[in-house]
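Here the structure comes first, spelled out in structure tokens, and everything after it is commentary.
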Amino acid sequence: MTIWNLGSINADYFYRVPHLPAPGETILADAMERGLGGKGANMSVAAARSGAHVSHIGAVGPDGQWAIDRLTEYGVDTRPIAKLDAPTGHAVISLDAAGENAIIVYPGANRELAQDAIGLALTESSSGDLLLMQNETNGQAFAAETGSKLGLKVAYAAAPFSAEAVKAVLPYLDILVLNQIEMAQLVDETGLLPGPKMGVDTVIVTKGAEGCTLYDRANGWDAIGFDAILVDPVDTTGAGDTFTGYFLAGIDRGMSTDEAIGLAIKAAALMVTRQGTADVIPDLKEVLDWG
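Numbered per the UniProt record's numbering, the sequence shown finishes at 291, counting up by one with no gaps.
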């Protein structure tokens, strides 16, 4: 099977700072690096490095061939990626000594992908494939409805959070992954909790160092907690994306939900011991051998 990921592709600019700046404060960075990022690219790399076949649906600008090449190197099928006139998306990431971050994202080409291009890519899919989306591109509602009609299992990572975006795709979702802040925002905006009224078979709420909670139709929507693996974090950027990519890769190859979550937690824990995003996501052997 294939994981079809409608996802962002960014150049990530990392600035190592002594602390995250307060409003109105100017500070000097100790170092700067550029890497491949974007929630979509991170998830595609994570799933591919976990052994899944991943086709990335997205867009870059005239300056984005390097990003396509990097995704290809990591095992992602990049044929559905369009080259547009808009600049490639980018993110400015401040990292403090504790590994916490503050991020500004410029979407660029990620928000310019034509609906026809999304539809054309999905015509290559097969019933039973997975469709993954986040909120850093356009076209999620169209993709979700199209994927559902084609018999794909539709997964959605609700970040960056937008209540309108989530409500537009909820009727088509099979899997929803979001952090505890985003879950609280969703409840505030819609009043919906994981369960029959939400209508999503599997909901995972991630909680950083506190692990995650699973709400699943098969378990009668009971909250099932999973502990995180405690590590000394270097950089928390991309940890949630690594979790999602590994989780879906596990589901794609037939693991149980519990097994896929366990693998994803381990991958995310290893990820936060490294500085960077897509370029430092561990492969499956590294995750299995770690610890």
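Where a beta carbon is used, it is the ideal one built from N, C-alpha and C, also for glycine.
Would you decide whether residue i is buried or exposed? Buried here means 16 or more other CB atoms lie within 10 Å of its CB.
i, result
"residue 339", "Nothing about residue 339 can be reported from this structure: the residues present for the chain run from 1 to 291 only."
"Ala155", "buried"
"Ala31", "exposed"
"Ala144", "buried"
"His56", "buried"
"Val187", "exposed"
"Pro282", "buried"
"Asp252", "buried"
"Thr123", "exposed"
Would you report the Cα separation of residue i and residue j, rounded to the nearest angstrom?
i, j, result
"Leu230", "Ala209", "7 angstroms"
"Gly128", "Ala121", "16 angstroms"
"Ala165", "Leu288", "35 angstroms"
"Lys266", "Ala52", "17 angstroms"
"Tyr74", "Ile224", "33 angstroms"
"Gly89", "Gly199", "33 angstroms"
"Lys285", "Arg49", "9 angstroms"
"Leu71", "Val45", "7 angstroms"
"Gly276", "Gly139", "28 angstroms"
"residue 293", "Val76", "With the chain covering only 1 through 291, there is no way to say anything about residue 293."
"Glu25", "Thr78", "41 angstroms"
"Pro21", "Thr146", "43 angstroms"
"Ala278", "Glu259", "23 angstroms"
"Ala47", "Phe161", "22 angstroms"
"Val54", "Asp222", "31 angstroms"
"Thr206", "Gly254", "22 angstroms"
"Asp201", "Ala86", "37 angstroms"
"Thr242", "Pro23", "30 angstroms"
"Phe226", "Gly151", "30 angstroms"
"Trp290", "Asp116", "43 angstroms"
When you compare each of the options to residue i by their alpha carbons, which one comes out closest?
i, options, result
"Pro62", "Gly75, Ala47, His53 and Ile81", "Ile81"
"residue 292", "Gly37, Gly225 and Glu259", "This structure cannot speak to residue 292, because the chain is shown only from 1 to 291."
"Leu173", "Ala264, Lys285 and Leu132", "Leu132"
"Pro196", "Leu170, Asn179 and Gln185", "Leu170"
"Pro233", "His19, Phe161 and Glu100", "Glu100"
"Leu95", "Ala86, Glu189, Lys153 and Leu28", "Leu28"
"Leu84", "Pro21, Gln65, Ala47 and Trp221", "Gln65"
"Met211", "Trp221, Arg34, Gln115 and Asn179", "Contrary to the premise, residue 211 reads as Gly rather than Met in this sequence. When only C-alpha atoms are compared, the closest one is Asn179."
"Val280", "Arg34, Val54, Thr206 and Glu259", "Arg34"
"Leu248", "Ile181, Ile204 and Ala228", "Ile204"
"Tyr15", "Gly291, Asp201, Ala91 and Met255", "Ala91"
"Tyr246", "Met183, Leu150, Val177 and Ala218", "Val177"
Compute the distance between the beta-carbons of residue i and residue j, then report whether it is under 8 angstroms.
i, j, result
"Ala59", "Asn110", "yes"
"Trp4", "Leu113", "no"
"Thr244", "Asp216", "no"
"Ala98", "Pro18", "no"
"Val68", "Tyr13", "The sequence shown places Ile at residue 68, not Val. Contact flag unset, no."
"Ala157", "Lys39", "yes"
"Ser148", "Thr2", "no"
"Lys167", "Thr137", "no"
"Leu193", "Ile261", "no"
"Ala163", "Gln185", "yes"
"residue 306", "Ala264", "Nothing in the structure corresponds to residue 306, since the chain is present only between 1 and 291."
"Ile181", "Lys153", "no"
ask   = Three or more C-beta pairs closer than 8 angstroms, one from the segment 269-286 and one from the segment 234-245: is that the case here?
value = Segments in contact, yes.
task = Please confirm if the segment 3-13 is in contact with the segment 105-117, defined as three or more CB-CB distances below 8 angstroms between the two stretches.
result = These segments touch.
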